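Below: one structure, written as structure tokens.
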Amino acid sequence: MIITHDGPKVIFEVGVVDHTCLRCGNKDKSLFYEYASTFDNKKICYCMSCIIMGRSDSSNPIRGINSEREKMMLNYHLDFDLNDIQENASDKIVDAIDHKHHLLLYAVTGAGKTEITFKGIQYARQKGLNVAFVSPRIDVVKEVYLRLRDAFKDAQIDLLYSGVKNVYSHMFTVCTVHQLMNYIEHYDFIIIDEVDAFPLPDEPLLMSVILRAASKNASIILMTATPTRDMIELVGKENIVTISRRYHGHDLTIPKNIYQDIEKYIKKKRAPHKLISLLDGITARDRKALVFVPEIKMLEPLKSILQKRYSRLESVYSGDPERMEKVQLMRDNQVDILLTTTILERGVTFLNLDVIVLSAERFDFAQLIQICGRVGRKIGDPIGNIWFLSSEKTYGIKETIRRIKAFNKGQAKL
Numbered sequence: 001m002i003i004t005h006d007g008p009k010v011i012f013e014v015g016v017v018d019h020t021c022l023r024c025g026n027k028d029k030s031l032f033y034e035y036a037s038t039f040d041n042k043k044i045c046y047c048m049s050c051i052i053m054g055r056s057d058s059s060n061p062i063r064g065i066n067s068e069r070e071k072m073m074l075n076y077h078l079d080f081d082l083n084d085i086q087e088n089a090s091d092k093i094v095d096a097i098d099h100k101h102h103l104l105l106y107a108v109t110g111a112g113k114t115e116i117t118f119k120g121i122q123y124a125r126q127k128g129l130n131v132a133f134v135s136p137r138i139d140v141v142k143e144v145y146l147r148l149r150d151a152f153k154d155a156q157i158d159l160l161y162s163g164v165k166n167v168y169s170h171m172f173t174v175c176t177v178h179q180l181m182n183y184i185e186h187y188d189f190i191i192i193d194e195v196d197a198f199p200l201p202d203e204p205l206l207m208s209v210i211l212r213a214a215s216k217n218a219s220i221i222l223m224t225a226t227p228t229r230d231m232i233e234l235v236g237k238e239n240i241v242t243i244s245r246r247y248h249g250h251d252l253t254i255p256k257n258i259y260q261d262i263e264k265y266i267k268k269k270r271a272p273h274k275l276i277s278l279l280d281g282i283t284a285r286d287r288k289a290l291v292f293v294p295e296i297k298m299l300e301p302l303k304s305i306l307q308k309r310y311s312r313l314e315s316v317y318s319g320d321p322e323r324m325e326k327v328q329l330m331r332d333n334q335v336d337i338l339l340t341t342t343i344l345e346r347g348v349t350f351l352n353l354d355v356i357v358l359s360a361e362r363f364d365f366a367q368l369i370q371i372c373g374r375v376g377r378k379i380g381d382p383i384g385n386i387w388f389l390s391s392e393k394t395y396g397i398k399e400t401i402r403r404i405k406a407f408n409k410g411q412a413k414l
């Protein structure tokens, strides 16, 4: 189904015409597959780029619905008052809607970015503008949806991601980026949270999908702690708002770099002594540890080594069917140490948390910045500890430490 504008009528068109996909906009011939159909005696071409959304082909029609805009008075509730810096950013978003331009919100992790958008969402819906809050990550989409539903208690908010489709009116939507393939020039105000998260930077088609879902005069808000040149070019240097402090006002934790070749220990099935020393200290202080590894295959051998010493330990990765349950066990104080891949670099918050990054030399700058953002997010525990265990000090490690120090000094310039 494709949602467009111009009045309440239904259109039917085949999904693929001349190696162009109506749904996702793909024009790359290598991403189409052709075969001869014995049923209707003709060649059929289908798009492999958006096959995850169901098949779009040259034979079967896609239903298109022309939708209408509707003004809606929405009130929202916040449990805290925005500080002056947050309030200024919030006003800049409203100004971007008014003047129909894009905006980059360059903010440290834990700056309260979601809450900063609330005034803009309220303003856009009062003007009858369609709103989409999107992210590349399902975990982030779920978290944002709950926070928006809690703040805008009387609003009907659509929720769309793989396997879930709760739709009211297509006027206020929270969804993954892929779901925007179902919309053409429909949204007038689009907020992209974690715009730097996989797979958005690696799939140029996805940014095209966002731009196609935006109406001609739409405002797009990009939110990230690690902006790229492409993001700056999209919004223009004059349309960047920087927030270098968290909502609670405390400095960001500066990581400590420790030399240890973790993978050498794992291959020998030995406990890395510096890691053990850190974990002993963390558990002795009744804190939790989130331990990041660069690849899934390191999880099980490391878990088998550490479980001999720590009984309240679990591991989690993207394909883990018990992922959500294990994260909840950590929140419920049933787990003290959680081994993880970068799947938990975003979208999770734990109280009294310290972070250890193993083989930190194998993580890039953007990943390390996000991982560092896991600690000190709660006002009751605003600092926390971060350790990088690495065999060498790479650009990513050095740039992460440099950028965090710059944020703390209010000097985080692009």
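Position 106 (the sequence shown) corresponds to 106 in full-length UniProt numbering; numbering is contiguous.
Idealized CB from N, CA, C, for every residue including glycine.
These numbers were taken from a predicted model, which means no experiment stands behind them.
**OP:** Grab me the residues of E392's own chain with a C-beta within less than 6 Å of its C-beta, minus the 5 sequence neighbours each way, in chain order.
**Re:** On the sequence shown, residue 392 is found 392 positions in, with the first residue counted as 1. Sequence-distant Cβ neighbours of E392 in its own chain, meaning closer than 6 Å and more than five residues away, are E361.
Subject >> Strand pairing of D158, partner residues [DSSP] >> reply: The sequence position of residue 158 within the sequence shown is 158, counting from 1. Per DSSP, T173.
Original post:
Going by the CB atoms, is the gap between V293 and residue 416 shorter than 8 Å?
Top reply: A query on residue 416 cannot be resolved here, the shown segment of the chain reaching from 1 to 414 and no further.
Subject >> Supposed contact pair L222 and V235 - C-beta distance, whole angstroms, cut 8 Å >> reply: For this step, residue 235 is matched to residue 235 along the sequence shown. For this step, residue 222 is matched to residue 222 along the sequence shown. Their Cβ separation, rounded to whole angstroms, is 6 Å, which keeps V235 and L222 in contact under 8 Å.
**OP:** Could you check what DSSP says for A107 in three-state terms: helix, strand or coil?
**Re:** For the purposes of this step, residue 107 is identified with residue 107 of the sequence shown, where counting begins at 1. A107: strand per DSSP, three-state reduction.
**OP:** Report yes if the C-beta of L206 is less than 7 Å from at least one heavy atom of the ligand FMN; otherwise report no.
**Re:** Absence of the ligand FMN is noted for the structure shown, with no ligands found whatsoever.
Original post:
From the beta carbon of H170, is the nearest beta carbon of chain B less than 8 Å away?
Top reply: Note that chain B does not occur in the displayed structure, where there is just one protein chain.
Original post:
Roughly how many angstroms separate the alpha carbons of I383 and K288, rounded to a whole number?
Top reply: For this step, residue 383 is matched to residue 383 along the sequence shown. For this step, residue 288 is matched to residue 288 along the sequence shown. Distance between the alpha carbons of I383 and K288: 13 Å.
Subject >> M223 - DSSP class collapsed to helix/strand/coil >> reply: The residue you call residue 223 lines up with position 223 of the sequence shown. DSSP places M223 in strand when its eight states are reduced to three.
Original post:
Along the chain, where does the alpha helix (DSSP H) that runs through T228 open and close?
Top reply: Translated into the one-based positions of the sequence shown, residue 228 becomes position 228. Note, T228: premise wrong, no alpha helix (DSSP H); not H, not E.
**OP:** Just the C-alpha distance for V108 and K43, rounded to the nearest angstrom, thanks.
**Re:** Against the sequence shown, residue 108 aligns to sequence position 108. Against the sequence shown, residue 43 aligns to sequence position 43. The alpha-carbon atoms of V108 and K43 are separated by roughly 52 Å.
Original post:
Hey, quick one: how far does the alpha helix (DSSP H) through V327 stretch, first residue to last?
Top reply: What you label residue 327 is simply residue 327 of the sequence shown in a count that begins at 1. R323 to R331 is the span of the alpha helix (DSSP H), which, as asked, contains V327.
Subject >> Residues bridged to L339 (per DSSP) >> reply: One-based indexing of the sequence shown puts residue 339 at position 339. According to DSSP, L339 bridges with V291 and S315.
Original post:
Terminal residues of the continuous alpha helix (DSSP H) containing Y395?
Top reply: For this step, residue 395 is matched to residue 395 along the sequence shown. Looking at the DSSP string, the run of the alpha helix (DSSP H) that includes Y395 is Y395 to N408.
**OP:** Use the C-beta contact count for H273: other C-beta atoms within 10 angstroms, 16 or more gives buried, fewer gives exposed.
**Re:** Counting from one through the sequence shown, the residue named residue 273 turns up at place 273. H273 is exposed by the Cβ-count criterion.
Original post:
Are three or more beta carbon pairs between the segment 370-382 and the segment 320-329 nearer than 8 Å?
Top reply: With a cut-off of 8 Å, the segment 320-329 and the segment 370-382 do not count as touching, because too few Cβ pairs lie within range.
Original post:
Is D188 closer than 8 Å to S215 when the C-beta atoms are compared?
Top reply: Here residue 215 is taken as the residue at index 215 of the sequence shown, counted from 1. Here residue 188 is taken as the residue at index 188 of the sequence shown, counted from 1. Taking 8 Å as the cut-off, the beta carbon of S215 is found closer than this to the beta carbon of D188.
Original post:
Quick check: the segment 66-73 against the segment 123-133, are there 3 or more CB pairs under 8 Å?
Top reply: The segment 123-133 and the segment 66-73 touch, with three or more beta-carbon pairs separated by less than 8 Å.
**OP:** Would you give the residue range spanned by the alpha helix (DSSP H) that D196 belongs to?
**Re:** What you label residue 196 is simply residue 196 of the sequence shown in a count that begins at 1. Taken as a continuous stretch (DSSP letters only), D196 belongs to no alpha helix (DSSP H), as it is neither H nor E.
**OP:** Return the Cβ separation of T173 and S135 in integer angstroms, given the expectation that the two are a contact with Cβ distance under 8 Å.
**Re:** For this step, residue 173 is matched to residue 173 along the sequence shown. For this step, residue 135 is matched to residue 135 along the sequence shown. Contact annotation, T173 with S135: C-beta distance approximately 12 Å; criterion of less than 8 Å not satisfied.
**OP:** Leaving aside the five residues before and after V144 along the sequence, list all residues of the same chain whose C-beta is less than 8 Å from its C-beta, in chain order.
**Re:** If you number the sequence shown from 1, residue 144 lands on position 144. Listed in chain order, the non-local C-beta contacts of V144 below 8 Å within the same chain comprise T114, F133, S135, V174 and D193, local neighbours out to five positions each way being set aside.
**OP:** Mind checking which residues open and close the beta strand (DSSP E) that includes C45?
**Re:** Along the sequence shown, one-based indexing puts residue 45 at 45. Where C45 is concerned, the enclosing beta strand (DSSP E) stretches over K42 to C47.
Original post:
Relative to the alpha-carbon of L353, which residue among I337, F118, R346 and S219 has its alpha-carbon at the smallest distance?
Top reply: Indexing the sequence shown from 1 puts residue 353 at position 353. Out of I337, F118, R346 and S219, I337 has the C-alpha closest to the C-alpha of L353.
Original post:
If we count Cβ pairs, one from each stretch, closer than 8 Å, do we get three or more for the segment 303-315 versus the segment 245-264?
Top reply: They do not touch, by the three-pair rule.
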